[in-house]
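Just below is one structure, and these are the notes that go with it.
Protein chains: 2
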Amino acid sequence: MKLDDKRTPVVFKALCDENRVRILNYLTDGEKCACRLLEDLNIAQSTLSHHMKVLTDSGLVVGRKDGKWMYYSISAEGIDTATYYLNVLRANLIDSKKKSCCKE
Amino acid sequence: MKLDDKRTPVVFKALCDENRVRILNYLTDGEKCACRLLEDLNIAQSTLSHHMKVLTDSGLVVGRKDGKWMYYSISAEGIDTATYYLNVLRANLIDSKKKSCCKE
DNA sequence: TTGTCAAATCGAAAAAAATCGATATGATGT
DNA sequence: ACATCATATCGATTTTTTTCGATTTGACAA
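Order-wise, the sequence lines are chains A and B. For what it's worth, this note's numbering labels the leading residue of the first sequence as 270, then goes sequentially. For what it's worth, this note's numbering labels the leading residue of the second sequence as 270, then goes sequentially.
Structure representation (structure tokens):
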């Protein structure tokens, strides 16, 4: 099994920017309104909107619209998918160790 | 527990570029010489060197020098660290669910 | 010491991403 | 219908990343 070299970067881009990691940290206490994040993060509203798009595209965050508010939360499924990707690397690693150990 | 917003991006940058994911996939069959990667990947030598630096900085890959050759392999510890980071998000998520469930 | 080969570093160019202010959209309340 | 508020989109700028060719470094062998 190999990682998809197109999809994998999309998933992990969520974790490749300082502001997005800050957002994820905020979201770990639970679902938050975009307006709330905006107060805490000291970035422009359009910048936040951009980051939320990257985060939802990655699958690590899901958005829910309620009236004119957008609520964002961390997706357990998204994290599990990312974890699975890392396990793919890990599993192959174990296999290759086994191979070199048993064949000679 | 929160993710370090400086260190986390460094770790996951390993997985944020198509060529680096290809490199990681190659390395899953075991340790490989840089010259070997160079043959397979169709990128300039200086570009490969740059990517190997990003990968080793992340901790997901380790390098070993043997004479004039550099051998690279995936680091189980590096993958475990990255997995741990994802678990931090996951664990907080479970905690926050528990909180909202029990308090009201 | 000199030549050769592998890899790293340098410097520049191209591509991608982050950021912002301004504007558009879309829901709500008057 | 209209004003208002939250968010998304647009367009432009700045910053970061990727990429390459050229050069340097460092190891080995003649």
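By construction, the Cβ of each residue, glycine as well, lies at the ideal position given by its N, Cα and C atoms. Note that this is a predicted model, so its numbers are computed, not measured.
Give the secondary structure of B:G332 by DSSP, where H, G and I count as helix, E and B as strand, and everything else as coil.
Sequence index remark: in the second sequence, residue 332 of chain B carries index 63 (1-based). In this structure, B:G332 counts as strand in the three-state DSSP scheme.
What do you get for A:L358, buried or exposed, if any count of 16 or more other CB atoms within 10 angstroms of its CB means buried?
Here residue 358 of chain A refers to the residue found at position 89 when the first sequence is read from its first residue. That one is buried.
When you compare the CB of B:K301 with every CB in chain A, is at least one pair closer than 8 Å?
For the purposes of this step, residue 301 of chain B is identified with residue 32 of the second sequence, where counting begins at 1. Chain A, which has no Cβ nearer than 8 Å to the Cβ of B:K301, makes this no.
Extent of the continuous alpha helix (DSSP H) to which A:I292 belongs
For this step, residue 292 of chain A is matched to residue 23 along the first sequence. From DSSP, the alpha helix (DSSP H) with A:I292 extends over 287 to 296.
Looking at the structure shown, is A:M339 part of a helix, part of a strand, or coil, going by DSSP?
Position 70 of the first sequence holds residue 339 of chain A. DSSP, read as helix, strand or coil, puts A:M339 in strand.
Please report the Cβ distance between A:G332 and A:T350, rounded to the nearest whole angstrom; I am assuming they are in contact, meaning their Cβ atoms lie under 8 Å.
For the purposes of this step, residue 332 of chain A is identified with residue 63 of the first sequence, where counting begins at 1. For the purposes of this step, residue 350 of chain A is identified with residue 81 of the first sequence, where counting begins at 1. Actually they are not in contact, since the Cβ atoms of A:G332 and A:T350 sit about 17 Å apart, beyond 8 Å.
Reduced DSSP category for A:K275 - H, G, I as helix; E, B as strand; rest coil:
To locate residue 275 of chain A, count along the first sequence from 1; it is residue 6. Residue state, collapsed to three classes: coil.
Give the straight-line distance between the Cα atoms of A:K372 and B:N294, rounded to the nearest whole angstrom.
For the purposes of this step, residue 372 of chain A is identified with residue 103 of the first sequence, where counting begins at 1. For the purposes of this step, residue 294 of chain B is identified with residue 25 of the second sequence, where counting begins at 1. The predicted model places A:K372 with a pLDDT of 34, which falls under 50 and marks its position as unreliable; any figure quoted below should be read in that light. Distance between the alpha carbons of A:K372 and B:N294: 22 Å.
Counterpart residues of A:C304 in DSSP-defined beta bridges:
As a working mapping, residue 304 of chain A is identified with position 35 in the first sequence. According to DSSP, A:C304 bridges with nothing at all.
Shorter than 8 Å from the beta carbon of A:L293 to some beta carbon of chain B?
Here the question's residue 293 of chain A lines up with position 24 in the first sequence. Closer than 8 Å: yes.
Below 8 Å CB to CB, which residues in the same chain sit around A:V290 once its five sequence neighbours on both sides are set aside?
Indexing the first sequence from 1 puts residue 290 of chain A at position 21. If we look at A:V290 and ignore the five residues flanking it on each side, its Cβ neighbours are L284.
In terms of residues, what are the limits of the alpha helix (DSSP H) holding B:S315?
Residue numbering aside, residue 315 of chain B sits at position 46 when the second sequence is read from its first letter. For B:S315, the enclosing alpha helix (DSSP H) has its first and last residue at 314 to 327.
So, is the C-beta of B:C304 closer than 8 Å to a C-beta in chain A?
Along the second sequence, read from residue 1 onward, the residue named residue 304 of chain B stands at position 35. Judged by the 8 Å Cβ criterion, B:C304 is not in contact with chain A.
A:G299 (DSSP reduced to helix, strand or coil)
Numbered from 1 along the first sequence, position 30 holds the residue referred to as residue 299 of chain A. A:G299 falls in the coil class under three-state DSSP.
Which of helix, strand or coil DSSP assigns to B:N356
Here residue 356 of chain B refers to the residue found at position 87 when the second sequence is read from its first residue. Reduced to three states, the DSSP call for B:N356 is helix.
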